[in-house]
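Asks:
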Amino acid sequence: MTAETLESDIRYVRALVMKSGSESLPRSFFIVWAVIVLLGFSIIDFAPRWTGLFWMIAGPGGGILSAMLGHRAGVRIGQLNRETGVRHALHWGGMLLVILLAVLLAMRGFVHGTVLSQVILLVVALGWWTAGVHFDRSFQLFALVMMLGFVGTLFIVSYIWTAIGVLTAASLVGAALRRKKDDEGHAC
Numbered sequence: 117m118t119a120e121t122l123e124s125d126i127r128y129v130r131a132l133v134m135k136s137g138s139e140s141l142p143r144s145f146f147i148v149w150a151v152i153v154l155l156g157f158s159i160i161d162f163a164p165r166w167t168g169l170f171w172m173i174a175g176p177g178g179g180i181l182s183a184m185l186g187h188r189a190g191v192r193i194g195q196l197n198r199e200t201g202v203r204h205a206l207h208w209g210g211m212l213l214v215i216l217l218a219v220l221l222a223m224r225g226f227v228h229g230t231v232l233s234q235v236i237l238l239v240v241a242l243g244w245w246t247a248g249v250h251f252d253r254s255f256q257l258f259a260l261v262m263m264l265g266f267v268g269t270l271f272i273v274s275y276i277w278t279a280i281g282v283l284t285a286a287s288l289v290g291a292a293l294r295r296k297k298d299d300e301g302h303a304c
């Protein structure tokens, strides 16, 4: 090996490491969830009877779309990690399962719609918080917004769900914009 070849190889590996660190989650992921959250939370205030149907479609659909976006980003940066994909599937799938179990509380008459929405908000906040611990720290900001929103639901009745949706969506869009700025700063 010549010094030039070794230097070239080191630059290539460094570029891959920088690229993978800056694009662990694609910007499109944050935008998709900003739209879903904004619509889904606003529906609770403006069309409550459609809330369950919306989330029954948008929750799993957004999860599948997120997996596809994550896979595509992994291919783009040349790093596919099956173990990480499985951990994401178990994490988010487990959260979905707990939400479905919570829905049984309402179906059996133990809680009504508002309380069920609050319980689901807490489950989602916990899911995003732990995703921030295990996958990407930016999730913790979204979880904190939802936790504060939960407190708001205890004291504010009018349009609180829309407010939570707007604040969460804004934080997701902000993360997408920061991601873009970070990606440009680490271009290969």
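Just so you know, we're using my numbering here: the sequence shown kicks off at 117 and counts up by one.
For glycine and all other residues, C-beta sits at the position ideal for the given N, C-alpha and C.
Small disclaimer: the values here were computed from a predicted structure and weren't measured.
Beta carbon of residue 168, beta carbon of residue 281: below 8 Å?
Replies: Taking 8 Å as the Cβ cut-off, residue 168 and residue 281 do not qualify as a contacting pair.
Asks: Applying the 10 Å Cβ sphere with the 16-neighbour rule, what's the burial state of residue 124?
Replies: exposed
Asks: Among 237, 221, 175, which one has its Cα closest to the Cα of residue 267?
Replies: 237
Asks: Quick one: any contact between the region 169-178 and the region 143-159, if contact means 3 or more CB pairs under 8 Å?
Replies: yes
Asks: Relative to the C-alpha of residue 216, which residue among 203, 232, 202, 204 is closest?
Replies: 232
Asks: Would you mind working out which of 120, 144, 119 sits nearest residue 288, comparing C-alpha positions?
Replies: 144
Asks: Mind checking residue 142: buried by the 16 CB within 10 Å criterion, or exposed?
Replies: So residue 142 counts as buried.
Asks: In three-state DSSP terms, what is residue 164?
Replies: Three-state DSSP puts residue 164 in a helix.
Asks: Does DSSP classify residue 339 as helix, strand or coil?
Replies: Nothing about residue 339 can be reported from this structure: the residues present for the chain run from 117 to 304 only.
Asks: Using the C-alpha atoms, what's the distance from residue 196 back to residue 271?
Replies: 45 Å
Asks: Grab me the residues of residue 244's own chain with a C-beta within less than 8 Å of its C-beta, minus the 5 sequence neighbours each way, in chain order.
Replies: So the list reads 255, 256, 258, 259, 262, once near-sequence residues are dropped.
Asks: Give me the Cβ distance between residue 251 and residue 204, rounded to the nearest whole Å; I'm assuming they're in contact under 8 Å.
Replies: 7 Å
Asks: Less than 6 Å between C-beta atoms, sequence neighbours within five positions excluded: which residues of the same chain meet that for residue 269?
Replies: Around residue 269: 234, 276.
Asks: Taking only three categories from DSSP, how would you classify residue 118?
Replies: coil
Asks: For residue 272, which three-state DSSP category applies?
Replies: DSSP places residue 272 in coil when its eight states are reduced to three.
Asks: Looking at the structure shown, is residue 137 part of a helix, part of a strand, or coil, going by DSSP?
Replies: Residue confidence is low: residue 137 scores 49 on pLDDT, short of 50, so the model does not pin down where it sits. No coordinate-derived value is stated.
Asks: Span of the alpha helix (DSSP H) holding residue 196?
Replies: Looking at the DSSP string, residue 196 is not in any alpha helix (DSSP H), and its letter there is neither H nor E.
Asks: Using a 10 Å radius around the Cβ and a threshold of 16 neighbouring Cβ atoms, would you call residue 166 buried or exposed?
Replies: exposed
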